[in-house]
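Residue numbers (our numbering): 4 to 138. Ideal placement from N, C-alpha and C gives every residue a C-beta, glycine not left out.
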Amino acid sequence: MAVSTETQATVNGTHNDSKPLELAIDLPRSPGLKLNLHLTILANSILLFLTSTDSDAIPNSAVQMGSFVYALPDRYNPSQPMSTALYPAPSSLDFTTRMAKVLTRKLSKPCYCAFAEEVTEDQMKGLGRPHPDLA
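Written out as structure tokens, the structure reads:
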């Protein structure tokens, strides 16, 4: 008997199989530095892991734990998501919180966001101006 390769849609048109999106972005103003992104969009939440790697780094080396933040939409004020740091690291807490809140505000879903490295503001400026919808 033949097995169907079609995925069955679940409630509200979402699928059970959510494959993560993985990207490595070169930062133009910081040669050799890449921003690595691992994004998983689930039915009820978003999971984002960010880290940076240097071309001089040893492959498969351990990375220090950064901040881990949870943000969720505020039902009474959707433009101001609420957030809490599940694991705060002072060097990356501000950036991680901002990322979690932006995703929560734009997608109206709770978001778990982790950032494992310290990236300076000068390095982040290399990505250019933020899109007006993300500001």
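Asked, Found
"Run of the beta strand (DSSP E) containing lysine 37, from where it starts to where it stops", "36-44"
"Contacts around arginine 108, its chain only, beta-carbon distance under 7 Å, and the 5 residues preceding and following it disregarded", "Ser82, Pro84"
"Where the beta strand (DSSP E) through leucine 26 begins and ends", "24-29"
"Where alanine 27 falls, given that 16 or more other Cβ within 10 Å makes a residue buried", "exposed"
"Other residues of its chain near alanine 139: CB distance less than 6 Å, five sequence neighbours each side excluded", "Examination of residue 139 is not possible in this model, given that the chain is present from 4 through 138 alone."
"Buried or exposed (CB count within 10 angstroms, at least 16 for buried), serine 70", "buried"
"Beta-carbon contacts of leucine 37 that lie in its chain and below 6 Å, excluding the five residues immediately before and after", "Residue 37 is actually lysine in this sequence, not leucine. For lysine 37, where only same-chain residues beyond five positions count, the Cβ hits under 6 Å are Ala27, Asp29, Thr56."
"Nearest residue (CA-CA) to glutamine 67, options Arg32, Pro91, Gly35, Ser33", "Pro91"
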